[in-house]
Amino acid sequence: MAGLLSISEPNASNPTDPLGNQINQMNNQASTNNDFLASLATDAINTDQQTMNTYNRADIAQLFDLPLMDLLLKAQTIHRAHFTANEVQISTLLSIKTGNCPEDCGYCSQSGHHRDTTKLQAEKRLEIDKVIAAAKRAKATGSSRFCMGAAWKHPSAKDMPYVVELVKEVKALGLETCMTLGMLDTNQATQLADAGLDYYNHNLDTSRSYYEQVVSTRSYDERLDTIENVRNSGINVCSGNIVGMGESRDDRIDWVHELLKMPKAPESIPVNLLVPIAGTPIGDRVIAEGQLSVLEWIRTIAVTRICCPTSYVRLSAGRESLSDSEQALAFMAGANSFFYGDKLLTTGNASQSGDDRLMRELGLTKQFAAPRAPKQVPVMDAMSGHQSQVVLAE
Numbered sequence: 004m005a006g007l008l009s010i011s012e013p014n015a016s017n018p019t020d021p022l023g024n025q026i027n028q029m030n031n032q033a034s035t036n037n038d039f040l041a042s043l044a045t046d047a048i049n050t051d052q053q054t055m056n057t058y059n060r061a062d063i064a065q066l067f068d069l070p071l072m073d074l075l076l077k078a079q080t081i082h083r084a085h086f087t088a089n090e091v092q093i094s095t096l097l098s099i100k101t102g103n104c105p106e107d108c109g110y111c112s113q114s115g116h117h118r119d120t121t122k123l124q125a126e127k128r129l130e131i132d133k134v135i136a137a138a139k140r141a142k143a144t145g146s147s148r149f150c151m152g153a154a155w156k157h158p159s160a161k162d163m164p165y166v167v168e169l170v171k172e173v174k175a176l177g178l179e180t181c182m183t184l185g186m187l188d189t190n191q192a193t194q195l196a197d198a199g200l201d202y203y204n205h206n207l208d209t210s211r212s213y214y215e216q217v218v219s220t221r222s223y224d225e226r227l228d229t230i231e232n233v234r235n236s237g238i239n240v241c242s243g244n245i246v247g248m249g250e251s252r253d254d255r256i257d258w259v260h261e262l263l264k265m266p267k268a269p270e271s272i273p274v275n276l277l278v279p280i281a282g283t284p285i286g287d288r289v290i291a292e293g294q295l296s297v298l299e300w301i302r303t304i305a306v307t308r309i310c311c312p313t314s315y316v317r318l319s320a321g322r323e324s325l326s327d328s329e330q331a332l333a334f335m336a337g338a339n340s341f342f343y344g345d346k347l348l349t350t351g352n353a354s355q356s357g358d359d360r361l362m363r364e365l366g367l368t369k370q371f372a373a374p375r376a377p378k379q380v381p382v383m384d385a386m387s388g389h390q391s392q393v394v395l396a397e
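Shown next as structure tokens:
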């Protein structure tokens, strides 16, 4: 109409229009992201673990760069293609030998190298009956897996009968079993497998390139050797990382890529957020410089879920600091396992009553235990009374 001010919409095709150029760039980026997400959706429906292992480092980096909501949507889509929606696996962790570890891990209060500054008191091995009592409590409160950790560089010959007995006793309760005892040789892994151990935890902690900033008393390849020994014995592998130790996103990308270079991704992957402990070198540095953002941790969980679609992805250390909303985002990112109980080895954990309340509010249900049978079972001859071991077929 004559006399009225004419207002035209920005012309996105006009090269002299800065707003139009910005819109074009946003649309192009969205189109690129949508194409990448579409290819991942096809992967979730049509491919298995081996195909997922073909993600290269550039693919993983591209996942980390996705808008967070797109990343969470894709992670949850892939999660639901491989797991029951809204079901979580719950574990309880107990320290069966605390403190004075000969390793010098820069984040750990149990290291004997830091005992003068952390003031952690070393303890002897827990008696078997105390461990079993703790396992019974864990089962009564809803845990399906009981994890036992010892502050050793590796178990000694005299320790092996002790840990083998623990595996057998805990399995007799109907619980899945997991242990983290440091490095294992082939014979030790076989002994644990014969006893029926379900999972063995041996974290990579971080990328190969950042690893020397974390620990010097055990090499990265030694960690991979233990994982290989565990895998070859028939025990499920549990191996994860700790984010927020001062590493870069490139290091987190490299860690995911390291998982995919394995013959098979770990069946269980804890993604820990560093709980900085005063008196440890890394803890003191993080306390001074500030912690990694929770959203970057959640982003790491989502990328892990996408790249390792059939693995349990566990919320471990650091969860006690999360709000209900942040924990909901972590489950949306594909986490489907967490530790129950008020303590993780020597650090705090979210309260059990708080976990029960949050699960009710989110509509999450607990997964039932499914322990595997031991490779060997005792058999007694009724006539002679002679007892022997029978090896079960796989």
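Count the sequence shown with the numbering used here and you get residues 4 to 397, in order.
Even for Gly, the Cβ is constructed at its ideal location relative to N, Cα and C.
Per-residue DSSP class, three states only, for residue i
i    : result
P164 : helix
Y68  : Strictly speaking, residue 68 in this sequence is Asp, with Tyr absent from that position. Here D68 sits in helix by DSSP.
R317 : strand
V240 : strand
I280 : coil
D208 : strand
L96  : strand
M265 : coil
N275 : strand
A44  : Confidence at A44 is low in this model, with a pLDDT of 49, below 50, so its placement is unreliable and the value that follows should be read with caution. The answer is helix: DSSP assigns A44 an H, G or I state.
G152 : strand
V246 : strand
K346 : Summary for K346: the model assigns pLDDT 47, below 50, so the residue's position carries little reliability; its value from the coordinates is reported in the next sentence. In this structure, K346 counts as strand in the three-state DSSP scheme.
F334 : helix
K127 : coil
Y110 : coil
T57  : coil
T144 : coil
G351 : Only weak support is given to the placement of G351: the predicted model assigns it a pLDDT of 46, under 50, and the value that follows is read from those uncertain coordinates. If DSSP states are grouped into helix, strand and coil, G351 belongs with the strands.
S326 : coil
S159 : coil
T303 : helix
D80  : It is worth fixing the name first, because residue 80 is Thr in this sequence and not Asp. Residue state, collapsed to three classes: helix.
A198 : helix
D253 : helix
E172 : helix
D188 : coil
R360 : helix
A376 : coil
C310 : helix
N49  : Residue placement at N49 cannot be trusted, given a pLDDT of 49 that sits under 50; the coordinates are not used to answer.
L75  : helix
Distance between residue j and residue i (C-alpha atoms, nearest Å)
i    : j    : result
C108 : S324 : 22 Å
T50  : G282 : For T50, the predicted structure reports a pLDDT of 44, less than 50, and the residue's modelled location is therefore unreliable. The matter cannot be settled from this model.
Y165 : Q370 : 29 Å
E270 : K127 : 31 Å
L367 : Y343 : 14 Å
G249 : T80  : 31 Å
V233 : M186 : 10 Å
S319 : V274 : 6 Å
A336 : T183 : 26 Å
L347 : R83  : Annotation note: pLDDT 47 at L347 (below 50); position unreliable, coordinate value reported separately. Rounded to the nearest angstrom, the two C-alpha atoms are 28 Å apart.
T120 : C111 : 12 Å
Q113 : L66  : 35 Å
M72  : G237 : 38 Å
D358 : K267 : 32 Å
E172 : D197 : 14 Å
K156 : P105 : 6 Å
Q330 : R322 : 8 Å
Q92  : Q216 : 32 Å
A220 : P374 : Residue identity differs from the one stated: residue 220 is Thr in this sequence, not Ala. Going from the Cα of T220 to the Cα of P374 covers about 34 Å.
N235 : S242 : 15 Å
E130 : A305 : 39 Å
G293 : N239 : 35 Å
N190 : V289 : 39 Å
Chain C within 8 Å of residue i, Cβ atoms only
i   : result
V91 : Checking the listed chains, one finds no chain C in this structure; it contains a single protein chain.
Beta bridge counterpart(s) of residue i as assigned by DSSP
i    : result
Y203 : M182, V240
V218 : Looking at the DSSP assignment, V218 forms no beta bridge with any residue, so it has no partner.
T193 : In DSSP, T193 forms no bridge with anything.
S340 : Q92, R317
T368 : E90
Cβ pair count under 8 Å reaching 3, the segment 206–223 against the segment 260–274: yes
At least 3 beta-carbon pairs within less than 8 Å: the segment 169–187 vs the segment 138–153: yes
Sufficient close CB pairs (3 or more, under 8 Å) joining the segment 218–227 to the segment 245–257: no
Stretch-stretch touch, CB-based, cutoff 8 Å, three pairs: the segment 283–298 with the segment 311–320: no
Cβ contact (3+ pairs, closer than 8 Å) linking the segment 60–67 and the segment 139–155: no
The segment 192–204 touching the segment 80–89, judged by at least three CB pairs closer than 8 Å: no
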